[in-house]
Amino acid sequence: MAQAITDTEAPPERADPAAPPSRNRRRRPAPYLLLVPALATLLLGLGYPLVRQVAMSFQEFGLAQQFGTADPGWIGFDNYVSILSDPTTWAVIVRSVVFCFVAASLTMVIGMGVALLMRSVSTVARLILQVSMLAAWATPLIASLTVWNWLFDTRYGVVNWLLVKIGFESFEDYSWLANPWTFFLVACVIVVWMSVPFVAFSLYAALTQVPEETLEAAQLDGASRTQRFRHIIVPSIRPVLSIVMLLQIVWDLRVFAQIKYLQGAGGTVSETNLLGTYLYQLGIAQSEYGVASAVAMVMLLLTLGLTFGYVRSLLREERAS
């Protein structure tokens with residue numbers, strides 16, 4: 059009897075071929091070997107300049123060392139002590155952080171609004187809007203800055219002319235770039251205008267992946283437009299939002315060309331420097347390459363500190379998925 063039961067026992071179950079592969083399965087080295095050329099290129103293109111910059115930040119490196127008439131001497135943390143004990147450096151850091159968050163926040167809000175608008179309007183209106191943004195985005199930087207400079211020109215600018223026409227007589231011959239507050243207002247407008255197309259297109263692409271059935275079901279259940287946006291749309295596109303916000307913070311913290319151009323058009327350099335232009339002034343204008351390298355390292359650490367939260371949230375979402 060026992061033998062019969064043994065003979066009739068069911069065979070062991072086979073693994074379901076449709077089941078996902080086990081995480082404990084040994085991974086093949088081929089995918090990692092394919093990454094070797096890309097990693098080698100990154101190490102050569104980014105690794106050496108970074109190591110060289112770190113070394114220069116601990117050296118006395120000026121024109122004499124640049125032309126080889128003197129050897130760079132190791133001075134420890136003297137460059138860092140010099141810049142961190144200078145009130146000008148802290149003023150530039152605070153100014154850069156405030157400008158970065160204001161510009162990045164405005165860019166994200168306007169970009170999200172434009173993305174939602176593209177999702178709601180008709181096909182013809184959406185195409186017109188997309189072509190307009192592409193034209194603005196593809197315009198060369200110097201050409202764009204020249205146009206904005208004309209718009210805010212003291213004597214012949216359209217902005218001053220319009221403000222005077224609607225009753226603000228105090229803006230006749232007003233110099234927007236001479237005052238640091240209005241200087242950064244103009245700079246923020248230009249930076250946001252140049253950044254909105256990228257954010258709008260990225261978020262619009264993410265919005266197209268939000269299921270319409272879910273939004274319609276929530277609407278039938280009585281959810282308002284604001285509730286659908288907060289509880290359905292934002293959670294669905296949060297990974298894209300985090301990545302785009304991360305990029306905007308990095309880009310706006312190291313903004314250079316717009317500030318440098320506006321300074322040359324009438325801005326006061328000492329009162330309008332951000333980290334990018336301050337670094338340029340130390341390294342190129344004053345040939346203090348060691349001090350400039352120290353500022354660059356502070357700028358790098360500041361960037362990592364400001365983006366740490368976003369990177370951690372991305373890693374958390376990656377593990378959860």
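Residue 379, in our numbering, is where the sequence shown stops; the numbers in between run on with no holes.
The C-beta atom is built at its ideal place from N, Cα and C for all residues, glycine as well.
In this text, all values refer to a predicted model and were calculated from it rather than measured experimentally.
Residue burial classification, residue i (beta-carbon count within 10 angstroms, cutoff 16)
i	result
ALA183	exposed
SER80	Only weak support is given to the placement of SER80: the predicted model assigns it a pLDDT of 49, under 50, and the question is left unresolved by the model.
LEU105	Note on residue identity: the sequence assigns Gly, not Leu, to residue 105. Classification for GLY105: exposed.
TRP208	exposed
LEU373	exposed
GLN267	exposed
ASP144	exposed
Chain-order list of residues whose beta-carbon lies under 7 Å from that of residue i (same chain, five-residue window excluded)
i	result
ARG213	ASP231
SER140	VAL349
Beta-carbon proximity check, residue i vs residue j, cutoff 8 Å
i	j	result
ILE317	GLY334	yes
PHE241	LEU320	yes
ALA258	GLY169	yes
SER233	VAL302	no
MET252	SER202	yes
GLN111	GLY348	no
ARG288	LEU273	no
ASN137	ALA352	yes
SER345	LEU121	yes
ILE248	TRP206	yes
ALA236	GLY103	no
N-terminal and C-terminal residue of the alpha helix (DSSP H) that residue i is part of
i	result
THR240	238-265
ARG177	145-178
ASN207	199-209
TRP234	Unbroken run through TRP234: none, as it is neither H nor E.
PRO130	Per DSSP, PRO130 belongs to no alpha helix (DSSP H) and is neither H nor E.
GLN188	181-196
8 Å Cβ shell around residue i - same chain, five flanking residues per side excluded
i	result
LEU311	SER154, VAL155, CYS158, LEU333, MET357, LEU360, THR361, LEU364
VAL298	SER260, LEU261, ALA263, ALA264
LEU164	CYS246, VAL250
ASP129	GLN123
LEU175	LEU187
Other residues of its chain near residue i: CB distance less than 6 Å, five sequence neighbours each side excluded
i	result
PRO238	GLU329, THR330
GLY131	GLU118
LEU142	none
* What runs of the alpha helix (DSSP H), each 4 residues or longer, lie entirely inside the segment 255-323? -> Whole alpha helix (DSSP H) segments, 4+ residues: 270-278, 283-286, 296-311, 315-322.
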